[in-house]
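*Asks:*
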Amino acid sequence: AQSVAQPEDQVNVAEGNPLTVKCTYSVSGNPYLFWYVQYPNRGLQFLLKYITGDNLVKGSYGFEAEFNKSQTSFHLKKPSALVSDSALYFCAVTKYGGSQGNLIFGKGTKLSVKP
Amino acid sequence: ETGVTQTPRHLVMGMTNKKSLKCEQHLGHNAMYWYKQSAKKPLELMFVYSLEERVENNSVPSRFSPECPNSSHLFLHLHTLQPEDSALYLCASSQGNPWEQFFGPGTRLTVL
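Protein chains in written order, with the numbering used here: chain E, 1 to 115; chain D, 116 to 227.
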């Protein structure tokens, strides 16, 4: 069965510092991995995806994520955090040939960036 | 906004009420989804419609009844809900790649 783990409920970072939001996954076969962000009172917004190719993928708002097959991880990173990055971040996984729309989401990590 | 709208944004209902949630997408997508978001729990996929046909139903209780009259509209009919059904209900749509989904702002449902 597919699953996603986001081990941290909350991550606190000072503005200007690098940030990392962790995600590990479990899936049989080749994984497709995604990050979504949810700002207060809004729906989820797609940030980036890994399907195949380069292990480092770049997405919106300066975010990037690194696929590590040996560690089954897909951590979200940003070199310099902004206060406006404060939001809830969700990692998701599906597999090649998986059911239509069957994204499996983690429970989310709240990112708080302080000035 | 993302091109996916949901109404109402907030809903309070008693356990014996009947209500409906509405979702509309203005993106020309051909698939639509209902999710349930509860605090500190993973997002739960409830229903998937592709080309107006239901292709996924993840063991959702029958007190939730979806309807997709056309590719732009999706409803979730609610009847005899329980307090544990209180949550944020999110609608999403996609085109082509089913994994890049566009979400609406959600309906915050409270069942008394």
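Every residue, glycine too, gets a C-beta built ideally from N, C-alpha and C. Note that the coordinates shown come from a computational prediction; the quantities given were computed from them, not determined experimentally.
1. Cα-Cα, which of E:THR94, E:SER112, E:VAL113, E:GLN10 is closest to VAL27 (chain E)?
2. Are there 16 or more other CB atoms within 10 angstroms of the CB of GLN140 (chain D), so buried, or fewer, so exposed?
3. Run through DSSP, which three-state label would GLU199 (chain D) get?
4. Nearest by alpha-carbon distance to PRO31 (chain E): which of E:PRO79, E:SER70, E:VAL83 is it?
5. With H, G and I counted as helix, E and B as strand and the rest as coil, what does DSSP make of VAL170 (chain D)?
6. DSSP three-state call for SER3 (chain E): helix, strand or coil?
7. I need the boundaries of the beta strand (DSSP E) containing ASN41 (chain E), first residue and last residue.
8. Specify, as a first and last residue, the run of the beta strand (DSSP E) that TYR148 (chain D) falls within.
9. Buried or exposed: LYS58 (chain E), going by 16 or more other Cβ atoms within 10 Å of its Cβ?
10. How big is the Cα-Cα spacing for VAL163 (chain D) and ASN12 (chain E)?
11. Quick check on the burial criterion: 16 or more other C-beta atoms within 10 angstroms. Buried or exposed for THR122 (chain D)?
12. Take PRO79 (chain E) and list the residues in its own chain whose beta-carbon comes closer than 6 angstroms to its own, dropping the five residues that flank it on each side.
13. Buried or exposed, going by whether 16 or more other CB atoms sit within 10 Å of the CB of LEU189 (chain D)?
14. SER153 (chain D) and ALA202 (chain D) look like a contact to me (Cβ under 8 angstroms); what is the Cβ gap, rounded to whole Å?
15. Within 10 angstroms of the Cβ of THR109 (chain E), are there 16 or more other Cβ atoms? Answer buried if so, exposed if not.
16. Indicate the three-state DSSP secondary structure (helix, strand or coil) for SER80 (chain E) in the structure shown.
17. Measuring straight from C-alpha to C-alpha, what distance separates ASN145 (chain D) and ILE51 (chain E)?
18. If contact means a Cβ-Cβ distance below 8 angstroms, which residues of the segment 43-75 of chain E contact chain D?
19. Could you round the C-beta distance between VAL119 (chain D) and LEU227 (chain D) to whole angstroms and report it? I think they count as a contact, below 8 angstroms.
20. Go ahead and pull the three-state DSSP assignment for SER86 (chain E).
21. Could you tell me which residues DSSP pairs with TRP214 (chain D) in its beta bridges?
*Replies:* For this structure:
1. It is E:THR94 whose Cα lies nearest to the Cα of VAL27 (chain E).
2. Residue environment: GLN140 (chain D) is assigned as buried (16 or more neighbouring CB atoms within 10 Å of its CB, all protein chains considered).
3. helix
4. E:SER70
5. Here DSSP, grouped into helix, strand and coil, assigns VAL170 (chain D) to strand.
6. The three-state secondary structure of SER3 (chain E), taken from DSSP, is strand.
7. Looking at the DSSP string, ASN41 (chain E) is not in any beta strand (DSSP E), and its letter there is neither H nor E.
8. 146-152
9. exposed
10. Within the model, the alpha-carbon separation for VAL163 (chain D) versus ASN12 (chain E) is close to 35 angstroms.
11. exposed
12. These residues qualify, in order along the chain: PRO18.
13. buried
14. 5 angstroms
15. Around the beta-carbon of THR109 (chain E), 16 or more other beta-carbon atoms lie within 10 Å, marking it buried.
16. Coil, per DSSP.
17. 22 angstroms
18. Listed in sequence order: GLY43, LEU44, GLN45, PHE46, LYS49.
19. Contact doesn't hold; Cβ gap of about 28 angstroms is too wide.
20. coil
21. Partner(s): none; TRP214 (chain D) has no beta bridge.
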